[in-house]
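Numbering (UniProt numbering), first residue to last: 1 to 247.
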Amino acid sequence: MRIVGGIPAEQNEFPWMVALSRKGKFYCGATLITKRHLLTAAHCVEGFSAREIKASLGEYNRAHKNDTQKLVLRIKQIIRHPEFQISNFKNDIAILKLDAQVPLDSPHIQPACLPQSEHRNYTGLKAVVTGWGRTGESKPPSNEMRKVEVPIMSIEDCRKNSGYVPSRITDNMMCAGYSGGQKDSCQGDSGGPLQIYGSRPGTMEVVGIVSWGRGCARPNFPGVYTRIESYMSWVDSNIEDECFCKG
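This is the structure in structure tokens:
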């Protein structure tokens, strides 16, 4: 998945954004949620071993190889949701345990806030997707972190009024985008966050994970995201009692 129709993010605007790479090539996004854990899409780590993946934190422009604020860490453990299905992207969520704790003493690396309650109605809220993915279906990934604002749709609206087969959209997914397309995530953005403005001024809450979609920013095919609140008890049970921010 990918950022289409967006604009460059500000430096340090999304300090929980993480770039995942394999064999020296960027391929997916992730979100820092504790000093030791990342949240990403299970399909981003399907078939890979932990030692193959590196995480770049504090990343802004991937072309700046000697960026002093960037921290690159290896992955110690991959925890995929046990009911993830690659064929239909059900339960597309995974936790990555880092091989070292992340220092949180600078503004460019900070954990994200996650949903504090289940069954919240996000319909109609403006959400922001961030990443370094393609800026169009036939375009290369972006070096600079980009962001795009998209409205969250109701599950019912996504099932009835999008081009997707209704049964593909489960209650544990979210759809976000415009009926006319033009703005969306794209290839390379998978695993990254869908975030809303938090209840406290200046805060944001990560509510979704970039999961799947038909092409990029196509009319009637909104981006589909893993609904994080559906998995909060699973996340809690797999982060070893480490604290994380609740929105």
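All C-beta atoms in this analysis are idealised placements derived from N, C-alpha and C, irrespective of residue type, glycine included.
Item, Value
"Spatial distance of S142 from W16 (CA atoms)", "18 angstroms"
"Three or more C-beta pairs below 8 angstroms linking the segment 75-93 and the segment 33-51", "yes"
"Separation of P111 from L194, as counted between CA atoms", "14 angstroms"
"Contact belief for V18 with A30 at Cβ below 8 angstroms, rounded distance in angstroms", "4 angstroms"
"Where S230 sits in the DSSP three-state scheme", "helix"
"DSSP-derived helix/strand/coil call for A127", "strand"
"Span of the alpha helix (DSSP H) around E83", "Neither: E83 is in no alpha helix (DSSP H) and is coded neither H nor E."
"Whether V235 touches G131 by CB criterion (8 angstroms)", "no"
"Strand pairing of I239, partner residues [DSSP]", "Paired residues: none, contrary to the question."
"Rounded C-alpha distance that separates K76 from A63", "26 angstroms"
"Inter-residue spacing [alpha-carbon to alpha-carbon] between D184 and G177", "Note that D184 scores 46 on pLDDT, short of 50, meaning its location in the model is unreliable and no value can be drawn from it."
"Limits of the unbroken alpha helix (DSSP H) element including C158", "155-161"
"Option in S154, T170, G208, A55 with minimal Cα separation from P115", "G208"
"Same chain only: Cβ atoms within 8 angstroms of L104, ignoring 5 sequence neighbours per side", "K35, Q110, P111"
"Identified DSSP bridge partners for I7", "K147"
"Spatially closest choice to I7 from V129, P201, M174, S167, by CA coordinates", "V129"
"Neighbourhood of Y122 by C-beta distance below 8 angstroms, restricted to the same chain and skipping five residues each side", "I152, M174, I196, V207"
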